[in-house]
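Enquirer: My structure is below; once you've seen it, I'll send some questions.
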Amino acid sequence: MVLHDFKTLWIGTGGGQIVLVDVNNWTPIIRTHRHTASIRCLLAVKLRGTVKYGPSSSTSVILSGGLGFRKKSELDTDRENQYGCLGVWDADFPQMVKQMSDWAKKRKDLCQTTPRHTRSIAL
2 MVLHDFKTLW
12 IGTGGGQIVL
22 VDVNNWTPII
32 RTHRHTASIR
42 CLLAVKLRGT
52 VKYGPSSSTS
62 VILSGGLGFR
72 KKSELDTDRE
82 NQYGCLGVWD
92 ADFPQMVKQM
102 SDWAKKRKDL
112 CQTTPRHTRS
122 IAL
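Right, dumping it as structure tokens:
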């Protein structure tokens with residue numbers, strides 16, 4: 002486990018999942034499943050200098066170490082040929098997830114409040 006900026010708790014599991022929890026209200030933010038076996042370590046790293054690559058990007062990253070790494074399209078993995086893998090996560094990932102969730106909710110609300118004939122014309 003690693004606590005980043007006293008806001009987000011990153012928890013690695015034995016099944017290769019990473020669970021992010023908002024520590025202000027102890028609610029789960031997201032669960033990822035990119036490693037194929039247990040998460041061996043989680044580490045928060047502050048980067049030096051101006052290495053920002055986006056308008057709101059962080060100067061910190063989270064490193065996750067585990068056995069094997071699952072590609073997005075990969076359902077089953079060959080467990081005999083697994084090697085130690087290091088994942089590098091943007092420390093602002095939890096905020097991005099919350100923002101995208103808020104945008105999805107706003108779009109859904111907008112679709113429900115927009116009259117049906119207006120939506121068909123706009124398409």
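For the sequence shown, this note's numbering assigns the number 2 to the initial residue and increments by one for each residue that follows.
By construction, the Cβ of each residue, glycine as well, lies at the ideal position given by its N, Cα and C atoms.
Residue range of the beta strand (DSSP E) that K106 falls in?
Expert: Here residue 106 refers to the residue found at position 105 of the sequence shown. Where K106 is concerned, there is no enclosing beta strand (DSSP E), although the alpha helix (DSSP H) it sits in stretches over 94–114.
Enquirer: Quick test of your reading: I30 and L44, contact by CB under 8 Å. State the CB separation rounded to the nearest angstrom.
Expert: Locating residue 30 in the sequence shown gives position 29, where the first residue counts as 1. Locating residue 44 in the sequence shown gives position 43, where the first residue counts as 1. With 8 Å as the limit, I30 and L44 do not qualify as a contact, their Cβ atoms being about 19 Å apart.
Enquirer: Here's the rule I'm using: 16 or more other beta-carbon atoms within 10 Å means buried, otherwise exposed. How should T114 be labelled?
Expert: Numbered from its first residue, the sequence shown carries residue 114 at position 113. Burial call: exposed.
Enquirer: Can you tell which of D23, G85, V24, L48 has the C-alpha that lies nearest to the C-alpha of H36?
Expert: If you number the sequence shown from 1, residue 36 lands on position 35. Minimum Cα distance to H36 is reached at G85.
Enquirer: Apart from the five residues on each side of it in sequence, which residues of its chain come closer than 7 Å, Cβ to Cβ, to A38?
Expert: What you label residue 38 is simply residue 37 of the sequence shown in a count that begins at 1. G17, G67, L68, G69, Q83, listed in sequence order.
Enquirer: Within a Cβ cutoff of 8 Å, which residues of the same chain sit near R71, ignoring the five residues on either side of it in sequence?
Expert: The residue labelled residue 71 in the question sits at position 70 within the sequence shown. Within the same chain, R71 has close Cβ partners G17, H34, R35, H36, T37, T78.
Enquirer: Name the residue from G15, R32, K8, G13 whose alpha carbon lies nearest to the alpha carbon of N26.
Expert: In the sequence shown, the residue the question calls residue 26 occupies position 25. Out of G15, R32, K8, G13, K8 has the C-alpha closest to the C-alpha of N26.
Enquirer: Would you kindly work out how many angstroms separate the C-alpha atoms of G88 and W11, rounded to a whole number?
Expert: The sequence position of residue 88 within the sequence shown is 87, counting from 1. The sequence position of residue 11 within the sequence shown is 10, counting from 1. Annotation: G88 to W11 spans about 13 Å, alpha carbon to alpha carbon.
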